[in-house]
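Protein chains in written order, with the numbering used here: chain E, 5 to 371; chain W, 5 to 371; chain C, 5 to 371; chain V, 5 to 371. Think of the CB as a built atom: it goes at the ideal place given N, C-alpha and C, for glycine as much as any other residue. Notes to accompany the following structure.
There are 4 protein chains.
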Amino acid sequence: MSKIPVGVLGATGMVGQNYISLLNNHPWFQVAYIAASARSAGRTYEQAVKGRWHLRRGYNAETGALIVQDANDVAKAGEAAAKGGLAFVFSALEMDKDEILKLEDSYAAAGIPVVSNASANRWTADVPMLIAEINPHHADIIPLQQKARGWKKGFIAVKPNCSIQSYMTPIWALMQKGYEIKRMVVNTMQAVSGAGYPGVSSLDMIDNIVPYIGGEEEKSELEPLKILGQIKDGKIEQAKEPVISAHCNRVPVTDGHTATVSLEFGAKKPSLDEITAIWRNFRAAPQELGLPMAPDEPIVVRNEQNRPQPSKDRDAHKAMAVTVGRLRPCPVFDVRFAGLSHNTVRGAAGGGILNAELLKAKGYLGL
Amino acid sequence: MSKIPVGVLGATGMVGQNYISLLNNHPWFQVAYIAASARSAGRTYEQAVKGRWHLRRGYNAETGALIVQDANDVAKAGEAAAKGGLAFVFSALEMDKDEILKLEDSYAAAGIPVVSNASANRWTADVPMLIAEINPHHADIIPLQQKARGWKKGFIAVKPNCSIQSYMTPIWALMQKGYEIKRMVVNTMQAVSGAGYPGVSSLDMIDNIVPYIGGEEEKSELEPLKILGQIKDGKIEQAKEPVISAHCNRVPVTDGHTATVSLEFGAKKPSLDEITAIWRNFRAAPQELGLPMAPDEPIVVRNEQNRPQPSKDRDAHKAMAVTVGRLRPCPVFDVRFAGLSHNTVRGAAGGGILNAELLKAKGYLGL
Amino acid sequence: MSKIPVGVLGATGMVGQNYISLLNNHPWFQVAYIAASARSAGRTYEQAVKGRWHLRRGYNAETGALIVQDANDVAKAGEAAAKGGLAFVFSALEMDKDEILKLEDSYAAAGIPVVSNASANRWTADVPMLIAEINPHHADIIPLQQKARGWKKGFIAVKPNCSIQSYMTPIWALMQKGYEIKRMVVNTMQAVSGAGYPGVSSLDMIDNIVPYIGGEEEKSELEPLKILGQIKDGKIEQAKEPVISAHCNRVPVTDGHTATVSLEFGAKKPSLDEITAIWRNFRAAPQELGLPMAPDEPIVVRNEQNRPQPSKDRDAHKAMAVTVGRLRPCPVFDVRFAGLSHNTVRGAAGGGILNAELLKAKGYLGL
Amino acid sequence: MSKIPVGVLGATGMVGQNYISLLNNHPWFQVAYIAASARSAGRTYEQAVKGRWHLRRGYNAETGALIVQDANDVAKAGEAAAKGGLAFVFSALEMDKDEILKLEDSYAAAGIPVVSNASANRWTADVPMLIAEINPHHADIIPLQQKARGWKKGFIAVKPNCSIQSYMTPIWALMQKGYEIKRMVVNTMQAVSGAGYPGVSSLDMIDNIVPYIGGEEEKSELEPLKILGQIKDGKIEQAKEPVISAHCNRVPVTDGHTATVSLEFGAKKPSLDEITAIWRNFRAAPQELGLPMAPDEPIVVRNEQNRPQPSKDRDAHKAMAVTVGRLRPCPVFDVRFAGLSHNTVRGAAGGGILNAELLKAKGYLGL
């Protein structure tokens with residue numbers, strides 16, 4: 005059986021490179037279309053990323069030989085799609101928000117589904133913001149989105165920010181067992197790869213931390229409410245809880261965002277043992293559907309007092325699991341814990357690929 | 005005028021080295037007595053720390069030439085005191101708690117006041133745990149302590165853990181203006197020097213953080229309550245608030261503990277502008293008494309979005325100030341901010357020296 | 005076909021842990037015997053390393069359930085060997101040199117071959133110090149060693165220090181093509197994992213390098229001469245060249261030793277293109293024999309100006325390859341380059357396993 | 005006595021900021037004229053560097069209030085000079101080489117001496133490249149330069165690259181005692197501040213080193229030959245020795261370049277003790293003239309095996325001294341050692357100020 009031909013928009017940037025490398029030998033998808041800025045267009049992918057490839061993992065020769073297309077040339081992508089050479093695109097576009105909004109729209113309008121990592125469409129009311137283990141049912145808004153926009157095959161689906169992955173799956177696992185979560189104070193200690201390359205200056209990260217990341221606290225507080233929301237009247241209506249206070253810090257770590265979390269339950273409060281059991285046993289759509297990128301265990305619980313740690317835990321289950329530890333009572337709220345997830349895999353390209361796998365399995369890619 | 009002869013117990017350890025280097029050219033105090041383990045005793049201080057001196061600052065030749073005494077030989081210290089060669093000691097002892105309790109008691113019983121950095125006596129009910137800007141009045145328990153123990157000149161006073169300095173002065177500044185603080189969630193990102201030398205392995209601090217420091221969360225939550233307590237019946241009765249939840253993390257920073265803080269006021273809530281003004285104008289006993297080690301500004305408020313940062317702010321005002329920034333509303337509680345203080349200066353030896361200066365100025369050192 | 009049962013002496017230390025994790029799923033060898041200090045003996049391996057396991061890779065359940073033996077109890081190992089439960093041991097002993105000498109001798113005398121990572125026997129004249137790509141023929145001294153010692157099946161073979169791996173294979177590749185190398189100046193920038201755990205203090209590795217590693221320069225200068233030597237009269241006679249000057253530095257890198265090298269050829273001097281071609285085409289005994297741990301390419305040549313780099317190149321070919329780059333003329337000697345190899349894999353446990361595979365393939369393990 | 009009014013060209017860049025902060029409270033010089041790109045012109049210096057000030061040291065209020073001028077507006081500087089408000093300028097220009105050449109020429113032609121940190125004029129034959137302790141006599145080319153160019157008061161003098169400071173003073177100290185140095189192999193491990201801000205990406209400096217810095221090896225090999233050269237026919241004729249091979253590496257250190265050095269003497273070879281004595285006793289023009297920025301000891305010799313280290317030694321003598329250690333015989337050449345100097349102070353702004361002090365003391369500034 006032949007693989008599904010996929011495209012990557014913004015393929016030369018850091019998130020784009022992550023998509024390319026993670027799609028190496030993917031059992032379902034085959035990179036068949038690569039697009040980037042006009043500057044890179046016309047060259048092979050290998051030429052385009054020469055001296056700019058910043059990952060330890062590489063890309064295969066077949067991908068390296070692809071000719072980079074101009075991401076603004078939607079017609080070109082349309083032609084490829086028409087010939088069966090492009091089923092959908094991953095968007096890793098790095099442009100102004102308005103440009104991305106317009107461009108992702110154009111691809112969708114041209115009949116090409118867009119599975120996006122960009123933040124531009126996260127708050128578009130009929131665009132699902134998916135974490136495959138948490139709100140796979142939000143994919144059901146896609147037909148409504150298509151209808152409202154007059155699109156036949158194309159649509160837009162996005163994933164949330166990397167900073168929330170380390171606590172969203174653990175809290176969702178508890179919520180879906182009936183434990184309301186009212187309030188949370190979260191402190192993130194985020195890896196520099198989240199800022200791309202060159203990103204954070206080494207002068208700021210040697211013998212230092214920076215207690216600020218532009219825009220990150222707002223995303224960390226608000227995106228969870230859309231993810232936990234409900235489809236209503238063709239839109240995703242946000243949840244009202246949990247109320248989150250996020251303190252986002254940059255620390256000298258290459259990959260892996262860590263969060264410490266204090267949380268308050270509603271009237272019904274699980275014991276620490278129950279929480280541990282819920283996390284250990286948590287399985288969701290990606291595991292049930294046997295998606296290739298799905299971690300066997302979405303949540304890994306470590307018993308050691310000094311875990312999770314980025315260098316030791318970020319790669320758990322293909323870097324797609326969330327690792328939690330230090331579950332204990334909280335003097336201020338009910339419980340507290342530390343969570344960790346790999347920001348460029350689970351939190352970016354890997355999460356995007358898992359979303360595409362989910363959409364494929366649910367039949368939304370029309371394949 | 006000649007200086008006051010002081011001793012340092014545990015002078016060869018990391019905190020002891022900090023005392024020695026910070027007492028270089030002190031206007032009031034002169035290191036005249038050095039004691040350490042029996043192993044070091046009999047050698048000059050220079051010989052004793054050869055190959056073990058881990059600070060960038062040095063010590064002067066006069067101190068280097070002092071003969072190290074056995075810290076267990078209290079009689080020896082008593083002789084020095086009797087001859088006017090020792091007025092009081094700084095305790096930087098690194099032993100088991102029981103040994104320290106016994107030894108600090110012996111010095112005090114021998115008529116030698118003990119200004120301690122060790123944690124052993126922090127919870128002794130009649131021992132004041134001082135932050136000179138916050139609870140200088142707790143020094144008034146010293147006569148009661150002396151009476152209860154039958155001591156004439158000797159006494160014990162301690163300082164709290166380094167992890168709480170970055171938020172205690174800022175919250176105290178608000179409390180003493182009449183704003184109750186009910187609850188706080190604190191996340192500390194602590195420097196490796198807090199663990200001494202060799203302390204934390206470099207394998208744990210390259211491309212990594214560790215979300216756990218043994219015993220540190222308990223200290224961070226409970227010590228504030230004694231500091232904010234009241235003297236009653238010859239004991240310090242703990243305060244009941246604020247209730248604190250502390251998440252303590254080790255990060256790859258040499259010096260300077262950073263804390264992010266979310267806090268809830270009582271019924272009376274200051275505006276952000278009021279808080280800034282209170283912090284900017286805060287002055288306390290050390291400033292009023294003109295103590296040599298006192299920072300001109302106990303609290304430095306930075307306006308930049310990305311401050312405080314350890315590498316840029318830890319040395320503010322002789323490394324004795326707390327630097328705060330990022331004051332903003334908290335979605336969960338009332339306000340939130342980030343605070344930073346130098347853990348081995350303000351949080352250890354520098355704080356101890358400031359306490360001794362306070363006790364001298366208040367007349368408790370009998371000088 | 006069943007696997008060969010092997011033992012690991014010093015299995016709880018850092019090098020021992022590396023052996024255990026690298027032997028996970030080894031196609032030829034199965035960990036069947038684990039020994040460590042008397043303190044660990046009697047417990048399962050899992051219990052013995054609880055809280056002391058410092059690697060990102062783990063160990064399998066079967067190994068975790070093995071009972072740790074006392075490494076000093078050679079008779080116990082002899083019993084296991086007699087029953088067919090132990091074919092040979094990897095020595096990762098961390099003791100005084102004299103103790104290791106005595107203990108490795110005892111195992112060999114008991115009929116158990118010792119493939120050692122320890123430095124104790126490196127300068128024993130009839131013990132081969134093997135880099136499998138360079139001097140596999142030194143294994144031929146084993147029968148002479150056995151005869152001289154009166155041993156039937158047992159013998160001792162060692163591997164050299166981790167610091168020399170990054171330049172030895174590259175220079176050997178040139179030497180075996182007939183290019184003499186007279187003199188070399190080498191500067192190593194070595195990873196902290198080379199010092200074990202906890203090893204180097206984080207206070208020495210944040211915003212710092214240390215231009216000294218005890219004993220490392222002597223090893224880096226002298227061990228190559230034994231490796232390049234000849235068997236003569238039952239001993240390995242050292243080579244006289246190249247004369248090496250080594251400057252060894254510790255840098256804030258977890259894994260991967262980098263060396264910069266300036267070297268002087270004899271009368272016959274290869275061009276840069278010839279050197280590149282020789283390196284690219286270099287294959288040796290491990291590749292020819294298809295040993296499981298052998299890198300496909302022993303020497304990887306990078307063309308980018310800024311490579312090799314530890315974080316990007318240390319894992320090349322199962323972390324068993326040497327990566328070289330920056331080949332260019334040297335104003336003082338003939339040519340210069342930078343080389344890099346993974347110190348705990350290629351330079352320690354991985355190199356030891358490759359040596360055992362070589363000895364097995366050559367028939368010296370009597371299997 | 006009033007201070008000499010000086011200017012800083014390129015004052016908002018990283019080197020420019022270093023000039024500004026080091027000139028705080030300078031006993032001879034007062035910053036009176038600040039120039040930068042047209043973009044910054046017209047604003048106060050405080051406004052111009054807001055959010056871009058990257059040093060721990062600050063600048064004083066008087067400097068902060070100066071209006072930034074357009075560095076291309078030489079006429080403006082000429083006016084200031086005419087009114088006695090500008091005696092000379094420090095050039096920290098960051099532009100293309102051709103632009104700097106042209107601009108530095110224009111200032112000199114306008115009668116304003118230029119003491120430059122830029123590399124543009126380093127190889128201009130009649131421009132002295134000064135290290136104040138080594139070749140102060142090269143300043144004597146200034147009248148020849150002025151005559152050849154038809155300049156009356158203006159001239160150009162430069163300083164060399166930061167990478168050579170850690171070994172040039174130590175080898176010069178030996179050379180001026182009559183010990184020829186024929187050949188050297190040097191390996192530098194350079195701090196990230198050398199690349200400015202943001203400069204090196206943190207992704208390249210966490211758990212990594214980079215064995216390449218563009219253009220740095222050429223400078224490290226060739227600039228010493230001009231510094232050691234002779235004035236002849238109105239030009240500086242380069243020395244022919246020592247022949248240097250430099251390997252330049254970037255390491256995760258904020259400030260302080262370390263070099264390991266192997267060197268070969270001519271026929272006359274000093275003993276290790278003689279070398280140590282020469283270094284300890286070395287004093288040169290800056291010390292003899294009592295220049296304010298001069299280190300008391302230009303060369304600090306450390307006896308500890310593991311020194312010099314950047315974090316402990318970079319600040320020696322106002323960060324203007326070179327610290328050396330590990331002097332020992334070299335198996336390949338004669339001796340070897342490690343040297344360290346602060347790259348942004350001694351190696352940049354501090355070195356430039358010292359040069360200006362030298363030129364003032366020698367009367368070349370016409371003051």
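Limits of the unbroken alpha helix (DSSP H) element including residue 173 of chain E: Bounds of the alpha helix (DSSP H) holding residue 173 of chain E are 169–179.
- request: Please list the residues of the stretch 52–63 of chain E that have a C-beta atom closer than 7 Å to any C-beta atom in chain V, keeping them in chain order.
  value: Against chain V - using a Cβ distance shorter than 7 Å - the residues of the stretch 52–63 of chain E are 58.
query: Thinking just about the alpha-carbon of each residue, which of C:9, C:28, C:14 and C:21 is nearest to the one in residue 297 of chain C?
result: It is C:28 whose Cα lies nearest to the Cα of residue 297 of chain C.
- request: Report the three-state DSSP secondary structure of residue 24 of chain E (helix, strand or coil).
  value: In the structure shown, residue 24 of chain E sits in a helix (DSSP, three-state: H, G or I).
query: What's the gap between the Cα of residue 325 of chain E and the Cα of residue 163 of chain V?
result: As the crow flies, the alpha-carbon of residue 325 of chain E is around 54 Å from that of residue 163 of chain V.
message: With a threshold of 8 Å between beta-carbons, can residue 334 of chain V be considered close to chain C, or not?
response: It does: the Cβ of residue 334 of chain V has a partner Cβ on chain C nearer than 8 Å.
- prompt: Under 8 Å between the Cβ atoms of residue 363 of chain W and residue 295 of chain W?
  reply: A distance of 8 Å or more separates the beta carbons of residue 363 of chain W and residue 295 of chain W.
query: Out of curiosity, what's the CA-to-CA distance linking residue 213 of chain W and residue 54 of chain V?
result: Roughly 31 Å separates the two Cα atoms.
message: Quick check: residue 405 of chain W and residue 36 of chain W, are their CB atoms within less than 8 Å of each other?
response: The structure shown does not extend to residue 405 of chain W, since chain W is modelled only from 5 to 371, so the question has no answer here.
message: Using 8 Å as the cut-off, can you tell me whether the stretch 345–355 of chain V makes contact with the stretch 163–174 of chain V, which would need three or more C-beta pairs spanning the two stretches below that distance?
response: With the cut-off at 8 Å, the stretch 345–355 of chain V and the stretch 163–174 of chain V touch.
- prompt: Pick from W:135, W:276, W:332 and W:237: whose alpha carbon is nearest that of residue 288 of chain W?
  reply: Per the Cα distances, W:135.
- prompt: Does the separation of the CB atoms of residue 183 of chain C and residue 272 of chain C fall below 8 Å?
  reply: When the beta-carbon positions are compared, residue 183 of chain C and residue 272 of chain C come within less than 8 Å of each other.
task: Please confirm if residue 123 of chain E has its CB atom under 8 Å from at least one CB of chain C.
output: Not closer than 8 Å to any Cβ of chain C, the Cβ of residue 123 of chain E fails to qualify, so no.
message: For residue 205 of chain W, list the residues DSSP reports as bridge partners.
response: Within the DSSP bridge table, the entry for residue 205 of chain W names C:205 as partners.
query: Three or more C-beta pairs closer than 8 Å, one from the stretch 252–264 of chain V and one from the stretch 188–207 of chain V: is that the case here?
result: Touching, per the Cβ criterion.
message: Assuming residue 49 of chain E is part of the alpha helix (DSSP H), what are its boundary residues?
response: Start and end: 49–53.
message: Run through the DSSP bridge pairs and tell me what residue 241 of chain C is partnered with.
response: Looking at the DSSP output, residue 241 of chain C bridges to C:234.
query: What residues in the stretch 171–199 of chain W bring their beta carbon closer than 8 Å to a beta carbon of chain E?
result: Along the stretch 171–199 of chain W, going in chain order, the ones with a CB nearer than 8 Å to a CB of chain E are 187, 188, 189, 191 and 193.
query: Can you name the residues that DSSP bridges to residue 214 of chain E?
result: Bridge pairing for residue 214 of chain E: E:254 [DSSP].
query: Are residue 249 of chain V and residue 330 of chain C closer than 8 Å when you measure CB to CB?
result: In this structure, residue 330 of chain C does not lie closer than 8 Å to residue 249 of chain V by Cβ.
query: What residues from chain C crowd round residue 201 of chain V, counting only those whose CB sits closer than 7 Å?
result: For residue 201 of chain V, no chain C residue has a Cβ inside 7 Å of its Cβ, as the nearest lies near 16 Å away.
message: Whether or not the stretch 85–103 of chain W and the stretch 16–23 of chain W are in contact is what I'm after, with contact meaning three or more pairs of Cβ atoms, one per stretch, closer than 8 Å; do they touch?
response: With contact defined as three or more Cβ pairs closer than 8 Å, the stretch 16–23 of chain W and the stretch 85–103 of chain W are in contact.
- prompt: Comparing the C-beta of residue 319 of chain E with each C-beta of chain C, is any distance below 8 Å?
  reply: True, the Cβ-Cβ gap to chain C drops below 8 Å.
field: Complete alpha helix (DSSP H) runs within the stretch 245–306 of chain E (minimum length 4 residues, chain order)
entry: Those alpha helix (DSSP H) runs which fall completely within the stretch 245–306 of chain E and span 4+ residues are 276–285 and 289–292.
- prompt: When the Cα atoms are used, what is the spatial distance from residue 47 of chain E to residue 300 of chain E?
  reply: Rounded to the nearest angstrom, the two C-alpha atoms are 39 Å apart.
- request: Quick one: give me the first and last residue of the beta strand (DSSP E) that residue 343 of chain E is part of.
  value: Per DSSP, residue 343 of chain E belongs to the beta strand (DSSP E) from 339–345.
- prompt: What residue does the beta strand (DSSP E) around residue 333 of chain C start on, and which one ends it?
  reply: Unbroken beta strand (DSSP E) run through residue 333 of chain C: 326–333.
field: Counted within 10 angstroms of its Cβ, other Cβ atoms place residue 276 of chain E as buried (16 or more) or exposed
entry: The C-beta of residue 276 of chain E has fewer than 16 other C-beta atoms within 10 Å across all chains shown, which makes the residue exposed.
- request: Rounded to whole angstroms, what's the CA-CA distance from residue 306 of chain E to residue 107 of chain E? Just pull it up for me.
  value: Take the alpha-carbon of residue 306 of chain E and the one of residue 107 of chain E: they are about 43 Å apart.
message: Taking 8 Å as the threshold (beta carbon to beta carbon), is residue 9 of chain W in contact with chain C?
response: No Cβ of chain C is located within less than 8 Å of the beta carbon of residue 9 of chain W.
field: N- and C-terminal bounds of the beta strand (DSSP E) containing residue 9 of chain E
entry: Secondary structure note for residue 9 of chain E: its beta strand (DSSP E) is the uninterrupted segment 8–13.
task: Report the rounded CA-to-CA distance for residue 161 of chain E versus residue 349 of chain C, giving the unit in angstroms.
output: Those two C-alpha atoms are separated by around 43 Å.
- prompt: For residue 191 of chain E, which of helix, strand or coil comes out of DSSP?
  reply: Reduced to three states, the DSSP call for residue 191 of chain E is strand.
query: Name the chain C residues that come within less than 8 Å of residue 262 of chain W, Cβ to Cβ?
result: What residue 262 of chain W touches in chain C: nothing, since even the nearest Cβ is about 15 Å away.
- request: Could you check which residue in V:119, V:357, V:264 and V:252 has the C-alpha nearest to that of residue 252 of chain C?
  value: Out of V:119, V:357, V:264 and V:252, V:264 has the C-alpha closest to the C-alpha of residue 252 of chain C.
Three-state class that DSSP yields for residue 104 of chain C in the structure shown: The answer is helix: DSSP assigns residue 104 of chain C an H, G or I state.
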